[in-house]
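Student: Below: one structure in structure tokens.
Here it is in structure tokens:
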């Protein structure tokens, strides 16, 4: 009888691991081919030959098994349902807003925007940089300041950066920052955290008398909220003059929507203006991600932290955008750096700028006028009910003092029972903040909460007849704003849709091709991971609403922290840091706090290898540590002899050593356990930078091999998209004795042993955490380990395939006597081409754009090299496409080496080639136009065209211009 095939089991048909095969682009057949090229019999054998046996994990991660996409979404939906979505009138820097559908669908939910990388390669980033120039222009014109950067992490950290910018910019030698007590509470918390390790003092003035006394004293800067957190609108003009007479700076934390109606800070001579753009189209998101802004006077611009997008010219003389001054701060100052260029929220900044483009100046003003009028009507109704407001001026927020604390508590509870959240402060005060989403019905509901039995409720119709906004006449704005055509051209949905599409077509993001950036891990951001971020149960939660309304977030936080602990081997984790740079900073604060608790505050020396990420010394400096650089050996490893000598030299004052593992050179250093033991022997703690965690999940755990602290980049290893340079999440992970020193947040009810808050919201960029939760839930322990191994396999495959054309600069010592291998990235050595034919790594990077690729990481950590990280998400076909492009470019280099093409006139030096360039009548080049445009025949079917030629960086820095100009102005006509 014929043998009947055994039918598949139900478990097999349920296919719980379906997502693993969707996330990992390499099939079993592909894997075997790649192993054959590398010379290994199996993936396990490859990993065993790369990961040192002394640190290899011996146990499986305690993470649940994988489930399907649909099952994970169902689990997360149930969790989200535990959040209670009430109408929040809490304010405090967070407001309801309407995200225009055309922006929601075509930017926030569009992979062409959210999978883009930081625009360091200008020629393939013109679209998102135009959007960021729109953002800078919007901020400049609303604040009436001459210079603005391309976003900050949140309002509180922007205020902290303003504090340090002021300190290094003014003549005053004082160490005191005066802060109005009516600033947002979370801003004051973050300022206090940032000031302490720098030896700065925060002096809070909680009354008009304290304010006057403080301004008569000694300080280097003053910060005031405008309007204040309680809603009052102060005339700050006389105060600014007083501060300037002290040779100090005046910092204003201003509401951008209010500035459409209020005299802007630039018109009363403020020095620095900060704030949030959250209410310009980004939901509450339990506190983030939202783009903050910073604007300043012109003479501060070269000290301004963060990123600036400026206007330069390309090789053809056409205007082009680029990151201005992009090599400053941590890239060149390193141990002297005072801020961190990685502090940005690009995707939310793009949303905010598009919100302004869509509404235009008249639309923004109408929204603000409606909010102000509703606030005035609400005020009249409350006064009619017998309540006295604390201020006669207001834009969107009213504060009243109740007769007793008990009455305030009762009213707040009554509001919650009616589906509304009010803000209670100082026991007896209640604040009510209105916003774009507020309605007439909301006012009626609010009056019903405050009315006593038997009182007749006010009505909007009765009160609006002669109501007027509560903005003092002398503070009403008379100047115009947003006059550039971009803010006055795209108000129809058709026009807006086409403008957004035009910009995205200029860019190269992960939805078009592999982005092989070393150290940046541009991996799949799966659609199923992205879906939950706009669910109302996650998006419409105020970060300071009652804790029982955030139970879903609390469960998400707990589960994600447990899984990340399992992946890293650490005992405790905080998800509060809203960028990798903030995670580094928080980790170093934890180390400082631990030393201080032992009476060893003098331990402030931080040793950092010369190969480290530039963020490391910047973060250490911000944490009040003294950075001392240690050497690396010829193989790129930490020079243990130099480290040992410096540990001994600074033993009494050693606070920490910061290393990246696998190293910044892309190898597993075999002496890492010895390094950790050495540092511990001298009383220091070991900070293991988690930037390269994509080579460790499931294979090794920093918390097990000697690390004390790590930060993770959830926007790298755990699939939160880069978003063009933000949002990010940088959890800080610590061993058991450092858990008490994780970040706290008084305003958010999170206790801390003196470390304080490092971001404005208790859970940082909370709304993107579901992305990482979904990734881990769908991959499970085995899938996560497989992903790590596949990433290492892909990097070694590229290294092997390209070895004859571009030698890999560093490789680990093999454990089996064969040639060494790399971790999840490899550094391709192009240095010899400079002497042989004048070709630089930058030329290869630009030529790759003609082949449809984003360049790898350029000249880091070694000048004139390319660092390539393919990630596990790429298919073998895409890996081979990249390899073929690199081999074709090597053949082009050979043409220059032989003299067939001149060193200054060849496809590499002229790259990238624009469409306009290749059809220009003047073509005085020794190669065909077709070769410039279509170096591979396959490109004729699908071609990405850079819209500008090579951008002149020097011209852009010498002629710094960072707001809108009529550059390639799009028109619907």
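Residue numbers (this note's numbering): 181 to 1153. All C-beta atoms in this analysis are idealised placements derived from N, C-alpha and C, irrespective of residue type, glycine included.
Exposed or buried, what is residue 1157 when buried is set at 16 or more other beta-carbons lying within 10 Å of its beta-carbon?
Tutor: In the structure as shown, the chain begins at 181 and stops at 1153. Residue 1157 is therefore absent and cannot be evaluated.
Student: Can you tell me whether residue 801 is buried or exposed? The criterion is at least 16 other CB atoms within 10 Å of its CB, across all chains shown.
Tutor: It counts as buried.
Student: State yes or no: is the C-beta of residue 790 within less than 8 Å of the C-beta of residue 817?
Tutor: Cβ distance not < 8 Å, so residue 790 and residue 817 don't count as in contact.
Student: If you reduce the DSSP assignment to three classes, tell me which class residue 195 lands in.
Tutor: Residue 195: coil per DSSP, three-state reduction.
Student: Please name the residue or residues paired with residue 456 in a DSSP beta bridge.
Tutor: 472.
Student: What residue from 782, 1021, 557 and 727 has the CA that sits closest to residue 621's CA?
Tutor: Per the Cα distances, 557.
Student: How many angstroms separate the CA atom of residue 1094 from the CA atom of residue 1128?
Tutor: Rounded to whole angstroms, residue 1094 to residue 1128 spans 6 Å at the Cα level.
Student: Are the beta-carbon atoms of residue 1052 and residue 967 separated by less than 8 Å?
Tutor: Yes, they are a contact pair.
Student: Straight-line CA distance for residue 440 to residue 638?
Tutor: Spanning the two alpha carbons is a distance of roughly 29 Å.
Student: Rank 943, 1123 and 489 by C-alpha distance to the C-alpha of residue 465 and give the top, closest one.
Tutor: The shortest C-alpha separation from residue 465 is found at 943.
Student: For residue 1065 versus residue 1028, is the C-beta spacing smaller than 8 Å?
Tutor: Going by C-beta atoms, residue 1065 is nearer than 8 Å to residue 1028.
Student: Just to confirm before moving on: does the CB-CB distance between residue 223 and residue 961 stay below 8 Å?
Tutor: No, Cβ-Cβ distance for residue 223 and residue 961 is not below 8 Å.
Student: What residue range does the alpha helix (DSSP H) around residue 221 cover?
Tutor: Segment: none, residue 221 is in no alpha helix (DSSP H) and carries neither H nor E.
Student: Do residue 199 and residue 248 have their CB atoms nearer than 8 Å?
Tutor: Taking 8 Å as the Cβ cut-off, residue 199 and residue 248 qualify as a contacting pair.
Student: Determine the DSSP secondary structure at residue 1123, reduced to helix, strand or coil.
Tutor: DSSP places residue 1123 in coil when its eight states are reduced to three.
Student: Just the C-alpha distance for residue 363 and residue 965, rounded to the nearest angstrom, thanks.
Tutor: C-alpha separation (whole angstroms): 47 Å.
Student: Identify whether residue 659 lies in helix, strand or coil by the three-state DSSP scheme.
Tutor: DSSP places residue 659 in coil when its eight states are reduced to three.
Student: Nearest-angstrom Cα distance between residue 1000 and residue 740?
Tutor: The alpha-carbon atoms of residue 1000 and residue 740 are separated by roughly 36 Å.
Student: Given 7 Å as the limit, tell me if residue 224 has its C-beta closer than that to any heavy atom belonging to the ligand SAM.
Tutor: In terms of ligand content, the structure shown is empty, and the ligand SAM therefore cannot be addressed.
Student: Could you check which residue in 617, 386, 349 and 612 has the C-alpha nearest to that of residue 461?
Tutor: Considering only alpha carbons, the answer is 617.
Student: So residue 428 and residue 489 are supposed to be a Cβ contact under 8 Å. How far apart are they, rounded?
Tutor: About 30 Å separates the two Cβ atoms, so there is no contact after all.
Student: How close, in whole Å, do the beta carbons of residue 501 and residue 493 come, if the pair is a contact with beta carbons under 8 Å?
Tutor: With 8 Å as the limit, residue 501 and residue 493 do not qualify as a contact, their Cβ atoms being about 11 Å apart.
Student: Hey, how far is the Cα of residue 1190 from the Cα of residue 551?
Tutor: Any question about residue 1190 goes unanswered here, given that the chain covers just 181 to 1153.
Student: With a CB to CB cut of under 8 Å and the five nearest residues on each side skipped, what residues in its chain are close to residue 541?
Tutor: Cβ neighbours of residue 541 beyond the five flanking positions: 440, 660, 661, 662, 663, 667 and 668.
Student: Is residue 589 helix, strand or coil by DSSP?
Tutor: Here residue 589 sits in helix by DSSP.
Student: According to DSSP, is residue 510 part of a helix, a strand, or is it coil?
Tutor: Residue placement at residue 510 is poorly supported in this model, since its pLDDT is 39, which falls under 50; the coordinates are not used for a value here.
Student: From the DSSP secondary-structure annotation, give me the bridge partner or partners of residue 752.
Tutor: Residue 752 is bridged to 914.
Student: Tell me which residues share the same chain as residue 474 and place their Cβ nearer than 6 Å to its Cβ, disregarding the 5 neighbours each side in the sequence.
Tutor: Cβ within range, chain order: 329, 332, 338 and 454.
Student: Please work out which residues of its chain come closer than 8 Å, Cβ to Cβ, to residue 512, disregarding the five sequence neighbours upstream and downstream, and give them in chain order.
Tutor: The pLDDT assigned to residue 512 is 44, lower than 50, so where the model puts this residue is not dependable; a value taken from the coordinates is nonetheless given after this. Nothing listed; no residue qualifies.
Student: Here's the rule I'm using: 16 or more other beta-carbon atoms within 10 Å means buried, otherwise exposed. How should residue 272 be labelled?
Tutor: With 16 or more Cβ atoms within 10 Å of its Cβ, residue 272 is classed as buried.
Student: Pick out the complete alpha helix (DSSP H) segments inside the stretch 839-922, 4 residues or longer, and give them in chain order.
Tutor: DSSP runs (the alpha helix (DSSP H)) wholly in the stretch 839-922: 852-861 and 882-885.
Student: Measuring alpha carbon to alpha carbon, tell me which residue in 472, 595, 1091 and 402 is nearest residue 355.
Tutor: When only C-alpha atoms are compared, the closest one is 402.
Student: So, helix, strand or coil for residue 381, using DSSP?
Tutor: DSSP places residue 381 in strand when its eight states are reduced to three.
Student: Among 185, 410, 1025 and 236, whose alpha-carbon lies nearest the alpha-carbon of residue 269?
Tutor: Checking every option, the nearest Cα to that of residue 269 belongs to 410.
Student: On a Cα-Cα basis, can you pick out the residue from 560, 237, 611 and 588 that is closest to residue 646?
Tutor: Out of 560, 237, 611 and 588, 560 has the C-alpha closest to the C-alpha of residue 646.
Student: With a CB to CB cut of under 7 Å and the five nearest residues on each side skipped, what residues in its chain are close to residue 812?
Tutor: Closer than 7 Å at the Cβ level, and outside the excluded window around residue 812, lie 789, 790, 791, 818 and 819.
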